[in-house]
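What follows is a set of notes on a single structure, which appears directly below.
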Amino acid sequence: MMVAPLLHRLRAVFHSEISGLVIFLIGMSGGIAGLRSLFGPQAVPLAAEEWRVAGVTLATMVALNVWGTGTARMLCALIGLCVGYAASLTAGLMSHGEFATVAAAPWIGWPDFSGISHTFDIAQALPFAIASIAVAMMAVGTITICQRMNDAAWVRPDMKSAMRGVVADGILTTLSGLCGAFGTNTSTPSAGLAAATGMSARRVAYAVGGLFIILEFLPKLPALLAVMPRPVIVSALMLVVTFIIINGLQVMTSRLLDARRTLVIGLSVVAGIAVEVFPDLAATAPKFVAPVIGSSLVLATVIALSLNLLFRIGVGKTLTLRLEQGQ
Numbered sequence: 104m105m106v107a108p109l110l111h112r113l114r115a116v117f118h119s120e121i122s123g124l125v126i127f128l129i130g131m132s133g134g135i136a137g138l139r140s141l142f143g144p145q146a147v148p149l150a151a152e153e154w155r156v157a158g159v160t161l162a163t164m165v166a167l168n169v170w171g172t173g174t175a176r177m178l179c180a181l182i183g184l185c186v187g188y189a190a191s192l193t194a195g196l197m198s199h200g201e202f203a204t205v206a207a208a209p210w211i212g213w214p215d216f217s218g219i220s221h222t223f224d225i226a227q228a229l230p231f232a233i234a235s236i237a238v239a240m241m242a243v244g245t246i247t248i249c250q251r252m253n254d255a256a257w258v259r260p261d262m263k264s265a266m267r268g269v270v271a272d273g274i275l276t277t278l279s280g281l282c283g284a285f286g287t288n289t290s291t292p293s294a295g296l297a298a299a300t301g302m303s304a305r306r307v308a309y310a311v312g313g314l315f316i317i318l319e320f321l322p323k324l325p326a327l328l329a330v331m332p333r334p335v336i337v338s339a340l341m342l343v344v345t346f347i348i349i350n351g352l353q354v355m356t357s358r359l360l361d362a363r364r365t366l367v368i369g370l371s372v373v374a375g376i377a378v379e380v381f382p383d384l385a386a387t388a389p390k391f392v393a394p395v396i397g398s399s400l401v402l403a404t405v406i407a408l409s410l411n412l413l414f415r416i417g418v419g420k421t422l423t424l425r426l427e428q429g430q
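For the sequence shown, my numbering begins at 104 and goes up steadily by one.
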């Protein structure tokens, strides 16, 4: 919330290509995280049945999104998830123990505040502050996706709108901490899903928000989602991160890229990818920079903003146009 009022002052250095960079990195890191759960060194090797389930789930979502119309296209992700569950059941990827977990969950549940306790650790202040910057940049990136999706004449991020979004995010995170819950953040995959389905009306958001509030009191649904097979999860993730990544690329290339902007984007992307490919980099770095290197989004954003400031040296601030008589 303290950073939010400063966002509009960063307009000079927070150009559209940096917003696109943030969006691109959000999609890239989400996609890599999903693929790591399938192909990572610590992941259980994929069985042939999982390959088939993943293919059927993703093919259903893509087919409905490309060739579907109306409700079928709007609900392509939900229909794909249902098909994925059915395919998983047929392939035997869901055990009786998982069904027992869902069956044991009550139909109606009420909030329990008995386990709430509060503490403060000063050693976590700096990592938390850096993480706050990261989620603020993530919120700006998500809001930028929504701005571009709903404005055909979009040119650059509206920092006033982004500021309000970051403040709202901070307020909810504070309330979550007081209630002993996890911090909140904007959902970039949801923005990607909105871009994929073309559904971005405000009334849809109100309806979905109301539905989430109702579902908070129905424990069986979270229990069902918790046992979702990993090929179904990753298939749905691949659908939404595709639109996020393409949105990021479109924003980055919405303006002419000169040598300065090319270096800003290129070096930042390489740094972000390096963190995702080599996650042990933070463990080998000095302690005072480890929190920055530990996040691809934070590291790439810091590098992009720093290079953008550096490359402003030597950029002319005035332009002269001479009109001579007879021309």
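From the three backbone atoms N, C-alpha and C, an ideal C-beta is built for every residue, glycine too.
- For D272, the CB contacts under 8 Å within the same chain, skipping 5 residues up- and downstream, are V238, A239, A242, T287, N288 and T289 in chain order.
- When Cβ pairs closer than 8 Å are counted between the two stretches, the segment 334-343 is seen to touch the segment 295-306, the count reaching three or more.
- The C-alpha of N253 lies about 34 Å from the C-alpha of P332.
- Relative to the Cα of A386, the nearest Cα in the group H221, G397, L314 and A304 belongs to G397.
- Fewer than three pairs of CB atoms, one per stretch, sit closer than 8 Å, so the segment 165-182 makes no contact with the segment 352-369.
- If you draw a straight line from the Cα of F320 to the Cα of G280, it comes to about 20 Å.
- Per the coordinates, the alpha-carbon of A146 lies some 15 Å from the alpha-carbon of G134.
- Each residue's CA atom was taken as its position, placing I236 and L408 some 13 Å apart.
- Between the segment 367-378 and the segment 196-203, the count of C-beta pairs closer than 8 Å stays below three; the two stretches do not touch.
- Of the candidates P325, D224, A329 and A284, the residue whose Cα lies closest to the Cα of F216 is A284.
- Put simply, the backbone Cα of A206 is about 44 Å away from that of S264.
- Given a length threshold of 4 residues, the segment 204-230 has no whole run of the alpha helix (DSSP H) inside it.
- CA-CA distance, E153 to T204, rounds to 21 Å.
- Contact between G268 and I248 is ruled out by a C-beta separation of about 11 Å, above the 8 Å threshold.
- Closest in alpha carbon position to V401, among R415, G137, T421 and E379, is E379.
- Per DSSP, T423 lies in no alpha helix (DSSP H) segment and is marked neither H nor E.
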